[in-house]
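S.K.: Here our numbering is used: the first residue of the sequence shown is 1, the next is one more, and so on.
Before anything else, here's the structure in question.
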Amino acid sequence: SAWAAADPVSYTKLLKAAYTSIKSADPDAIVIGGGIVSVVGSPFTKDPVAFVKGMYSAGAQGYFDALSFHPYQWVSPLNVLLGHVSLFSQGASTPSTPLNQLIRIRALMVANGDSDKLVWGTEYGQQSLVVGEAMQAGMIKNMLETWQGLDYTGPNFIFTTQDRIFDRLVGTYGLFRSDWTPKRAAYVLRQLLTGVAPPPAKPSNPITTFMVLSNAVVTEVGGGSVASSNRFSPRFSERPSLRQARRRRP
């Protein structure tokens with residue numbers, strides 16, 4: 001629903017049909033509605049809050065068990081260069097930030113009788129080539145900790161496992177580099193899941209960064225990593241040992 005052409009009325013019609021069919025086959029199945037993305041409304045994109053409002057106006061209430069939201073923070077190299085990068089937790093009162101949109105979506109859910117339903121964070125990440133590996137780790141950590149502190153949020157998914165430099169959608173979002181060496185973000189995620197502290201951060205070195213990226217390019221051109229990577233995202237709710245990594249419903 002990030003695209004301007006996305007129509008909440010048509011989507012809700014499809015959602016109703018899918019929900020009814022799924023529940024008739026498996027009453028215990030969880031149907032996730034929405035699939036909305038944090039974007040600013042424009043001629044090319046659909047504001048997620050407006051989309052959810054349109055869903056409810058079209059009769060979506062009662063036809064989903066949880067709502068899916070991709071709370072991305074879109075950061076440009078210029079933002080990083082100028083130092084104009086905000087953390088997820090700082091956006092509560094700033095219009096069109098992911099946290100602000102999440103709060104407003106929650107208000108719509110409550111107003112429409114869905115206060116008992118959770119919002120799932122179904123995709124989040126940052127490109128380390130854009131923000132740097134340290135900032136990638138810090139932004140992911142802040143987002144996850146903020147999300148866990150809310151009582152109306154569900155499982156969280158991080159995009160993605162491994163870098164694929166030449167894949168336009170994956171790029172350097174990975175927790176691991178193309179050669180499967182862990183980035184700082186991988187250690188931060190391990191800390192959130194297990195309590196094991198990450199190793200001391202190494203000073204940023206442009207030459208080292210260039211060498212790592214060059215090696216990744218060589219690896220990908222040679223076909224060494226493409227088959228290994230996919231869109232699998234670590235999830236925070238499935239296994240009892242990972243319970244501390246998300247806030248559970250009372």
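Cβ coordinates follow ideal geometry from the N, Cα and C atoms, glycine included.
These numbers come from a predicted model, not from an experiment.
Using a Cβ distance threshold of 8 Å, determine whether the segment 148-156 contacts the segment 171-190, with at least three qualifying pairs required.
M.R.: no
S.K.: Measure the CB-CB distance between L193 and W120 and report whether it falls below 8 Å.
M.R.: Here residue 193 refers to the residue found at position 193 of the sequence shown. Here residue 120 refers to the residue found at position 120 of the sequence shown. Not closer than 8 Å, so no.
S.K.: In whole angstroms, what separates the C-alpha of P98 from that of T181?
M.R.: Locating residue 98 in the sequence shown gives position 98, where the first residue counts as 1. Locating residue 181 in the sequence shown gives position 181, where the first residue counts as 1. One C-alpha to the other measures close to 30 Å.
S.K.: If you follow the beta strand (DSSP E) that V80 is in, where does it begin and where does it stop?
M.R.: In the sequence shown, the residue the question calls residue 80 occupies position 80. First-last for V80: 77-82, but that is the alpha helix (DSSP H), not the beta strand (DSSP E).
S.K.: Checking the sheet assignment: what are the DSSP bridge partners for P182?
M.R.: The residue labelled residue 182 in the question sits at position 182 within the sequence shown. Answer by DSSP bridge pairing, in chain order: F176.
S.K.: Do Q61 and N142 have their C-beta atoms closer together than 8 Å?
M.R.: Here the question's residue 61 lines up with position 61 in the sequence shown. Here the question's residue 142 lines up with position 142 in the sequence shown. Against a cut-off of 8 Å, the Cβ pair of N142 and Q61 comes out as no contact.
S.K.: What would DSSP say about Y19, mapped onto helix, strand or coil?
M.R.: Along the sequence shown, read from residue 1 onward, the residue named residue 19 stands at position 19. Y19: helix per DSSP, three-state reduction.
S.K.: Out of Q162, G154, G138, I165, point me to the one whose CA is closest to Q191's CA.
M.R.: For the purposes of this step, residue 191 is taken as residue 191 along the sequence shown, with counting starting at 1. The residue with the shortest Cα to Cα distance from Q191 is G138.
S.K.: Going by C-alpha distance, which of R184, Y124, K183 is nearest K35?
M.R.: As a first step, residue 35 is located in the sequence shown; it is residue number 35 there, counting from the start. It should be noted that the sequence gives Gly, not Lys, for residue 35. Out of R184, Y124, K183, Y124 has the C-alpha closest to the C-alpha of G35.
S.K.: Buried or exposed: where does V9 fall if 16 or more other Cβ atoms within 10 Å of its Cβ makes it buried?
M.R.: On the sequence shown, residue 9 is found 9 positions in, with the first residue counted as 1. It counts as exposed.
S.K.: Whose C-alpha, out of T160, Q136, P155, A186, is nearest the C-alpha of V80?
M.R.: Translated into the one-based positions of the sequence shown, residue 80 becomes position 80. Cα-wise, what sits closest to V80 is Q136.
S.K.: In whole angstroms, what separates the C-alpha of F157 from that of L118?
M.R.: Here residue 157 refers to the residue found at position 157 of the sequence shown. Here residue 118 refers to the residue found at position 118 of the sequence shown. Near 14 Å, if we compare the C-alpha coordinates of L118 and F157.
S.K.: Where do the N-terminal and C-terminal ends of the alpha helix (DSSP H) with Y124 fall, by residue?
M.R.: Sequence index remark: in the sequence shown, residue 124 carries index 124 (1-based). From DSSP, Y124 is part of no alpha helix (DSSP H) but of the beta strand (DSSP E) over 118-124.
S.K.: Three or more beta-carbon pairs under 8 Å between the segment 99-109 and the segment 38-58, yes or no?
M.R.: yes
S.K.: Buried or exposed: where does G253 fall if 16 or more other Cβ atoms within 10 Å of its Cβ makes it buried?
M.R.: Nothing in the structure corresponds to residue 253, since the chain is present only between 1 and 250.
S.K.: Should D28 be labelled buried (16 or more other beta-carbon atoms within 10 Å of its own) or exposed?
M.R.: Counted from its first residue, the sequence shown places residue 28 at position 28. Result: exposed.
S.K.: Quick one: what's got a C-beta closer than 6 Å to A185's C-beta in the same chain, skipping five residues either side?
M.R.: Translated into the one-based positions of the sequence shown, residue 185 becomes position 185. Correct list, in chain order: Q136, A137, I140, L175.
S.K.: Helix, strand or coil for S128, going by three-state DSSP, please let me know.
M.R.: For the purposes of this step, residue 128 is taken as the residue at position 128 of the sequence shown. DSSP, reduced to helix, strand and coil, places S128 within a helical segment of the structure shown.
S.K.: Whole angstroms are fine: how far does the CA of T172 sit from the CA of L129?
M.R.: Counted from its first residue, the sequence shown places residue 129 at position 129. Counted from its first residue, the sequence shown places residue 172 at position 172. When rounded, the distance between both Cα atoms is 6 Å.
S.K.: Whole angstroms is fine: what's the gap from T20's alpha carbon to Y63's?
M.R.: What you label residue 20 is simply residue 20 of the sequence shown in a count that begins at 1. What you label residue 63 is simply residue 63 of the sequence shown in a count that begins at 1. C-alpha separation (whole angstroms): 8 Å.
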